[in-house]
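Asker:
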Amino acid sequence: MDNTTNRDLEQMVRSAVDNASITDVHTHLFSPQFGDLLLWGIDDLLTYHYLIAETFRYLDLPYDAFWSMTKQEQADLVWKTLFVENSPISEACRGVLTVLSKLGLDVEARDLSAYREFFRSKTAEEYVDTCFKLARIDYVVMTNDPFDDAERPIWLSLDEIDPRFKSVLRIDPLLNSFESSSRKLQSWGYEVDTSLSKGTLAEIRRFLSEWIARMNPLYLAASLPPDFAFPEDSPRGRIIERCVLPICKEYGLPFGMMIGVKKLVNPGLRLAGDSVGKSDIGTVERLCSSYPDNKFLVTMLSRENQHELAVAARKYRNLMVFGCWWFLNNPSLVREITAMRCELLGLSFIPQHSDARVLDQVIYKWAHSRKIIADVLVDKYNDLAATGWTPTEDEIRRDIAGLFGQNFWDFLKR
Ligand code: HDL
Ligand code: ZN
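Just so you know, we're using the numbering used here here: the sequence shown kicks off at 660 and counts up by one.
Here's what the structure looks like:
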């Protein structure tokens, strides 16, 4: 291909990526019907747990002194520490500034009070429209936990949800702390005990079925530790085998596994206190091969596991790989992982999710990811064209529509 064609190709790829409408397959966002559970605005942006962890690196402040501050006081401290006293070059810091810039605010002014004034003039409903439009997203998939004391009562009285917000039944407490969650189940009228008898397993299946009926989730999900094993003679192993997988199969729902999180290695940091560990890809392989009629939507937290996961996806068509999760959602690693996935999986994967906890974050997380994914795809399509196979603009748009949403929806229908 001559340079002109290369330039045409690059322009086609970047245009297709920039204009692709996105389904964000994993977030912690809530539709406005969930009230204060929907986080948005500059103080929620600045008190994102990623930024709290980074702030403490510069401070001797006792953790409890920070947690006893108001949200605005915490945000002031984060701003002072990470933005004023040190240049905000980390991905999470840069993200805050990308949001302000995309909103048309004067980042150069570095005027936190002016930014607060801007957000004070907004309502949640109108700001959802603003963020979805700026990020060019069609749908966000929530993380919905019936064991969460704040979220559960809302589901019990909810009559409508903004259709742009899709639900997921998140079951970490059921799998990872069954003893305490069994007491909650008992209080809700499920006849369970910690013996995991047949009766208990049947009641857990009833619980899952009832919440599937209530939430209409796109998939069931759980985050799992690095030592997650299957099969396993444990409450988690038994519940996955006898409850989760049969119910997922019955309802045609993927089981979403997010594997490799070491919870609260530093409890003082609370939500920011989790870390990463390498997991055994053999667990994913055994699940995919033993349950060919189940679908598995999987991401892993360790960089090393991402290569193994891409290889595993070559073996199992019921395995869909997604996202550059959490500590992997940084430009250098998104670039590496996306290129590796293109080389191993072609276009049969979901390159990214935002994991946004604050609504505004979809603006930066997708702006940053679109750029990197486009960079990788330009290289791949140029490599393709160099063989003499020149992709058409329609083919490029088709491929990219798949990566940013259609692959997910097609996988749900499989
Ligand atoms: O378990 C998860 O869904 C993780 O994404 C955690 O919520 C984590 O705290 C996070 O927000 N990562 O981005
Ligand atoms: Zn998450």
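Note that CB positions come from ideal geometry on N, CA and C, so glycine has one too.
Say whether the stretch 709-727 touches the stretch 921-935, bearing in mind that this needs 3 or more beta-carbon pairs closer than 8 angstroms, one atom from each stretch.
Answerer: Counting Cβ pairs under 8 angstroms, three or more are found: they touch.
Asker: Relative to the C-alpha of Met959, which candidate in His1012, Leu1006, Ala861, Asp677 has its C-alpha closest?
Answerer: Of the listed residues, the one whose Cα sits closest to Met959 is His1012.
Asker: Return the CA-CA distance between Arg679 and Pro1050, expressed in angstroms with no decimal places.
Answerer: Note that residue 679 is Ala in the sequence shown here, rather than Arg. So the alpha carbons of these two residues sit roughly 17 angstroms apart.
Asker: Can you tell me the Cα-Cα spacing of Asp933 and Gly915, whole angstroms?
Answerer: Those two C-alpha atoms are separated by around 19 angstroms.
Asker: Is Ile933 near the ligand ZN, with its Cβ less than 6 angstroms from a heavy atom?
Answerer: Note that residue 933 is Asp in the sequence shown here, rather than Ile. Flag unset: Cβ of Asp933 not near the ligand ZN.
Asker: Return the first residue and the last residue of the beta strand (DSSP E) that Thr958 is part of.
Answerer: 955-959 is the span of the beta strand (DSSP E), which, as asked, contains Thr958.
Asker: At the level of alpha carbons, what is the spacing between Met660 and Ile1055?
Answerer: Any reading at Met660 needs caution, since the residue's pLDDT is 47, under 50, leaving its predicted position unreliable; the model's value is listed next. Approximately 17 angstroms between the Cα atoms of the pair.
Asker: Using a threshold of 6 angstroms, is the CB atom of Asp952 nearer than that to any non-hydrogen atom of the ligand ZN?
Answerer: No, the ligand ZN has no heavy atom inside 6 angstroms of this Cβ.
Asker: At 3 residues or longer, and completely inside the stretch 745-802: list those beta strand (DSSP E) runs for me, N to C.
Answerer: Runs found: 796-800.
Asker: Report yes if the C-beta of Asp818 is less than 6 angstroms from at least one heavy atom of the ligand HDL; otherwise report no.
Answerer: No - the ligand HDL has no heavy atom lying nearer than 6 angstroms to the Cβ of Asp818.
Asker: Applying the 10 Å Cβ sphere with the 16-neighbour rule, what's the burial state of Ser961?
Answerer: Counting Cβ neighbours within 10 Å, Ser961 comes out buried, since at least 16 surround it.
Asker: Could you check the C-alpha separation between Gly858 and Val851 for me, to the nearest Å?
Answerer: Rounded to whole angstroms, Gly858 to Val851 spans 7 angstroms at the Cα level.
Asker: Measuring only between beta-carbons, confirm whether Ser746 sits less than 7 angstroms from chain E.
Answerer: The chain labelled as chain E is not found in the depicted structure, where only one protein chain is given.
Asker: Mind checking whether the beta-carbon of Asp1014 lies closer than 6 angstroms to any heavy atom of the ligand ZN?
Answerer: Yes, the Cβ of Asp1014 comes within 6 angstroms of a heavy atom of the ligand ZN.
Asker: Measure the C-alpha to C-alpha separation of Ser780 and Leu877 and round it to an integer number of angstroms.
Answerer: Going by the C-alpha atoms only, they are around 34 angstroms apart.
Asker: State the Cα-Cα distance for the pair Val920 and Ile996, rounded to the nearest angstrom.
Answerer: Rounded to the nearest angstrom, the two C-alpha atoms are 18 angstroms apart.
Asker: Quick one: give me the first and last residue of the alpha helix (DSSP H) that Gly858 is part of.
Answerer: Element bounds for Gly858: 857-874.
Asker: In the DSSP assignment, the alpha helix (DSSP H) including Gly896 goes from what residue to what residue?
Answerer: 894-898 is the extent of the alpha helix (DSSP H) around Gly896.
Asker: For Gly694, name the three-state secondary structure that DSSP assigns.
Answerer: Helix, per DSSP.
Asker: Leaving out five residues on either side along the sequence, give the residues of the same chain with a beta carbon under 8 angstroms from the beta carbon of Lys730.
Answerer: The residues are Asp702, Asp703, Thr706.
Asker: Span of the alpha helix (DSSP H) holding Val943?
Answerer: Val943 -> alpha helix (DSSP H) spans 940-949.
Asker: At the level of alpha carbons, what is the spacing between Cys983 and Val993?
Answerer: Roughly 6 angstroms separates the two Cα atoms.
Asker: Please confirm whether any heavy atom of the ligand HDL lies closer than 6 angstroms to the CB of Ser882.
Answerer: Yes, Cβ of Ser882 sits closer than 6 angstroms to a heavy atom of the ligand HDL.
Asker: Alpha carbons only, please: which of Leu828, Leu904, Glu900 is nearest the one belonging to Arg873?
Answerer: The residue with the shortest Cα to Cα distance from Arg873 is Leu828.
Asker: Once the 5 residues before and after Met917 are set aside, which same chain residues still bring their CB inside 6 angstroms of it?
Answerer: Around Met917: Ser882, Thr958.
Asker: For Ile1055, which of helix, strand or coil comes out of DSSP?
Answerer: The answer is helix: DSSP assigns Ile1055 an H, G or I state.
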